[in-house]
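Structure, as structure tokens:
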Amino acid sequence: PVSCQHTQRPPTRNLLEKLRRTMVESCKQSTRNIVPALNDCIGFEQAAELAKANPPLAAWIAHPGGQELLGIDLAERSLNTEKPPSGHQSVLALIGPEGGFTDQEMQMASEMGWTNVGLGKRIYRVETAAVVIQTMLSR
Numbered sequence: 207p208v209s210c211q212h213t214q215r216p217p218t219r220n221l222l223e224k225l226r227r228t229m230v231e232s233c234k235q236s237t238r239n240i241v242p243a244l245n246d247c248i249g250f251e252q253a254a255e256l257a258k259a260n261p262p263l264a265a266w267i268a269h270p271g272g273q274e275l276l277g278i279d280l281a282e283r284s285l286n287t288e289k290p291p292s293g294h295q296s297v298l299a300l301i302g303p304e305g306g307f308t309d310q311e312m313q314m315a316s317e318m319g320w321t322n323v324g325l326g327k328r329i330y331r332v333e334t335a336a337v338v339i340q341t342m343l344s345r
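Under the numbering used here, the first residue of the sequence shown carries the number 207, and numbering increases by one thereafter.
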């Protein structure tokens, strides 16, 4: 999770542990053998610095009006020219808080080359938006 300017309440350690358990159980239920990472909460600027230091295959910032996620080809949007080790591909996907990202956060993301992605006509809760993005990645 990333704490942004519009974040009302950062997630607690208990909530993060509950989400991690839910992710593991969901992967077991769907016979998915790779559990997505859920790191501790950090600030937007810290997330940007981490992405700069260790570029992912692709970096997305989910914000209304962005490019439809279905139309994005990961091979063409690569930020990292090296192949990820052992076949794993990391994608950074930032989902905004209630109220969305600020103009300043969107500008920073744009300057870093992150792709503004849209998730369709609806605005989702963060938990649902994460599932939508995971689904798109697994296609």
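All C-beta atoms in this analysis are idealised placements derived from N, C-alpha and C, irrespective of residue type, glycine included.
Problem - Neighbourhood of I267 by C-beta, 6 Å cutoff - its chain only, sequence neighbours within 5 removed - result: L300, A315, W320, N322
Exercise for the section: Can you have a look at Q337 and say buried or exposed, based on whether 16 or more other CB atoms are within 10 angstroms of its CB? Expected result: It should be noted that the sequence gives Val, not Gln, for residue 337. Looking at its Cβ environment, which holds fewer than 16 other Cβ atoms inside 10 Å, V337 is exposed.
Practice task
Classify I158 as buried or exposed, calling it buried when 16 or more other Cβ atoms lie within 10 Å of its own Cβ.
Solution key: There is simply no residue 158 to check, as the chain begins at 207 and stops at 345 in what is shown.
Exercise for the section: Find out if the Cβ-Cβ distance for the pair L200, V297 is shorter than 8 Å. Expected result: Nothing in the structure corresponds to residue 200, since the chain is present only between 207 and 345.
Problem - Cutoff 7 Å; reference E311; Cβ partners in own chain excluding five residues on either side - result: C210, Q211, F250
Practice task
Answer with buried or exposed for G302, where buried requires no fewer than 16 other C-beta atoms within 10 angstroms of its C-beta.
Solution key: buried
Problem - 8 Å contact criterion, which G272 and G324 should meet: CB distance rounded - result: 4 Å
Problem - Nearest-angstrom beta carbon gap, V208 and A243 [assumed within contact, 8 Å] - result: Not quite, the Cβ-Cβ distance comes to about 13 Å (not below 8 Å), so this is no contact.
Exercise for the section: Output the residue ranges of the alpha helix (DSSP H) runs that lie fully inside the segment 295-325 and measure 4 residues or longer, sorted by chain position. Expected result: 309-317
Handout entry: Limits of the beta strand (DSSP E) - the one that Q273 falls within
Key = 264-274
Exercise for the section: To the nearest angstrom, report how far apart P216 and Q313 are at their CA atoms. Expected result: 22 Å
Practice task
Give every residue of the same chain whose Cβ lies closer than 8 Å to the Cβ of A335, excluding the five residues on either side of it in the sequence, and list them in chain order.
Solution key: A268, I301, L325
Problem - Residue environment, A259, which counts as buried when at least 16 other CB atoms sit within 10 Å - result: exposed
Exercise for the section: Can you tell me which of the three DSSP states T287 falls into? Expected result: Note on T287: pLDDT 41, under 50, position unreliable in the model; no value is reported.
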